[in-house]
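Those protein sequences? They're chains A and B, same order as listed.
Numbered per the working numbering, the first sequence spans residues 89 to 183.
Numbered per the working numbering, the second sequence spans residues -11 to 479.
Every residue, glycine too, gets a C-beta built ideally from N, C-alpha and C.
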Amino acid sequence: MSLDKATVSNIAHLARIKVDDDQLETMVGELNNILSWIEQLNEVDTEGVAPLASVTGHPLPLRADGIADGGYPERVLLNAPDRVADFYSVPKVVE
Amino acid sequence: MTDLLSLDLAAARDALRDGKISSLELTDAYLGAMEAASDLNCYITTTPDKARVMAAAADQRLAQGDALPLDGLPLGIKDLFCTEGILTTAGSHILDGFVPTYESTVTSQLWRDGAVMLGKLNMDEFAMGSANVNSYYGPVESPWKSRDGGNARLVPGGSSGGSASAVSARLALATTGTDTGGSIRQPGSFCGIVGMKPTYGRCSRWGIVAFSSSLDQAGPLTRTVRDAAIMLRSMAGHDPKDSTSANLPAPDFEAALTGDVRGMRIGVPKEYRIDGMPAEIEALWARGIEMMRDAGAEIVDISLPHTKYALPTYYIIAPAEASSNLARYDGVRYGLRVEGETLDDMYAKTRGEGFGAEVKRRVLIGAYVLSAGYYDAYYLKAQRVRALIKRDFDEAFGSVDAILTPTAPSDAFAIGENDDDPIKMYLNDVFTVPSSLTGLPAISVPVGLSDRGLPLGLQLIGKLFDEATVFRAAGVLETAAGFSVRPAGGQ
């Protein structure tokens, strides 16, 4: 499995990362090296092995679905690059 | 007290309680050392005013005889921990100007216990790296110099490079780090200090900038094993704000340092003898085995058959989780924003400019292995191999109490070396990643010097939530090794 320029460009679009054309070629090479190194996992027989997501086996706790925090818009918006009243502002999405 | 900086954490704690020194003079000594060694680039932000206020408050408590566990002890904090009112960057351009309005659980517990904050420590961007050369704020330099390398500037290891270099150069009494695949232990080995990664779930991840949520763990970097035990007790404990935080009390880890390992069974895994491992690493490992045997431990040969698959497994799981975690950096709510014509354009430009090369690589790998059609082949496959790696350890721990291995496959290298080959850089973590994937507690203890006169550490791995045994064995290894060499640079 080898990635070409178009595929890497598409992944970059999916990840919303602008990659300049002159960097794309290098990136294709690097990603292919990493992926081909990862391919060695295919040697491992994992038939019937359940995927491991939690290492400690502790059950995840549940809590009541209620509001436990909030009510301080100034703190929430303190780091906003741009704001209008109590909202974050972004470039216009709908004409 | 002529040399305040020579006191380790435990000694400084006792001197403060006995009224022999004040926190303010100790804190000022560190602030002075930090300024004098600013060339090492350990700190991204220093907080001298806050440090003096905290020190003065500690001195008051100490004078009244109500000393808190870490009262008046000056610490450095990896810049991955959110600190209220203080710039927090994760070593990334994309968090430009980000000042959290909240405090991470781990750091809040350090302040609760009276510690003094010196500043925020440099690190690989988003904790991705093994040499601390991936920081937007420039590389961190180790205070160590190679005997044969002229005056080459050496890496401190990574990603907690600032944390390790600062402890080694005596620019903090102890520091916090985080470890996702070796980011506390490998820099600990490179800098000749102790680095402890506790069990996954021992420390709350709340308020720590997330990299790979099923792997990230906070832990201390210190001069001694005892100092690590003292630090971890304050850092650890259940936190309802992190659903993966273990509902267990934080034990008195210092009490585990009995100095006695008679009858303890120490496993030596044959698969850690990797191809091309330098002879000096083999020799150091053999010496460590001898030290434990001489102390009365029983050495047991064990097998961890899936060891060689741990790194490729890690490089699917960690980037996958990173690509998802780092989706939040979009220029909308905090940090860097690069204006664009459309919202999408703004996202892409912000992330294109805000992330460094290694972060981009990992986010793209992660996005790819999670994408439709590849999820099963890569991500689920890796989770299955991860289960086999865990099974290896479960079986081994049926016959041993702890496992002894090298920490890293080499000593420190020069800044700029290994930069052109990501996989070569990844191999630094070959011995630390397996215990990360399985959540096991592991510590790096400085044991000797390489032929070039640079520190080398050995790693002890324990059972889940059995840090006590890890500390006990590490204390014995530390005493037997008697590592006391100081770096040429720093204070």
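Under the three-state reduction of DSSP output, residue 322/B falls in the coil class, being neither helix nor strand. With contacts defined as CB atoms closer than 7 Å, residue 414/B and residue 129/A fail to qualify as a contacting pair. By the neighbour-count criterion, in which a residue is buried when 16 or more other Cβ atoms sit within 10 angstroms of its Cβ, residue 162/A is exposed. For residue 163/B, the enclosing beta strand (DSSP E) begins and ends at 162 to 167.
Residue 107/B places its beta carbon 7 Å or farther from that of residue 166/B. Not a single CB atom of chain B sits nearer than 7 Å to the CB of residue 93/A. Distance from the CA of residue 408/B to the CA of residue 310/B, rounded to the nearest whole angstrom, comes to 22 Å. According to DSSP, residue 393/B shares a beta bridge with 447/B. Measuring C-alpha to C-alpha distances from residue 99/B to each of 60/B, 82/B, 213/B identifies 60/B as the nearest.
Contact note: residue 304/B reaches chain A through 126, using a C-beta cutoff of 7 Å and chain order. Assignment of residue 282/B by DSSP, reduced to helix, strand and coil, places it in the helix class. Annotated three-state conformation of residue 105/B is strand, per DSSP. Unbroken beta strand (DSSP E) stretches of 3 residues or longer found wholly inside the region 358 to 415 of chain B: 390 to 394, given in chain order. Residue 178/A reaches chain B at 320, 331, 334, counting residues in chain order whose Cβ is nearer than 8 Å. Nearest neighbour of residue 124/B by Cα position, chosen from 377/B, 145/B, 83/B, turns out to be 83/B. Taking all protein chains shown into account, residue 224/B has 16 or more neighbouring C-beta atoms within 10 Å of its C-beta and is therefore buried.
In the displayed model, residue 197/B falls within coil according to three-state DSSP, outside both helix and strand. Residue 417/B sits buried, since 16 or more C-beta atoms from the chains shown fall within 10 Å of its C-beta. Collapsing the DSSP output to three states places residue 340/B in a helix. Taking a contact to require three or more Cβ pairs closer than 8 Å, the region 392 to 410 of chain B and the region 165 to 180 of chain B qualify as touching. Residue contact check for residue 171/A against chain B: no CB pair falls below 7 Å. Annotation note: the region 175 to 253 of chain B contains the following uninterrupted beta strand (DSSP E) runs of length 3 or greater, listed N- to C-terminal: 182 to 185, 205 to 210. By the 16-neighbour rule on beta-carbons within 10 angstroms, residue 243/B is exposed.
Closer than 7 Å at the C-beta level to chain B, one finds these residues of the region 127 to 154 of chain A: 128, 129, 132, 134, 137, 138, 139, 140, 141, 143, 144, 146, 148, 149. Close to residue 356/B, with beta-carbon spacing below 7 Å, are these residues of chain A in chain order: 99.
Residue 245/B is not a Cβ neighbour of residue 211/B, given a cutoff of 7 Å.
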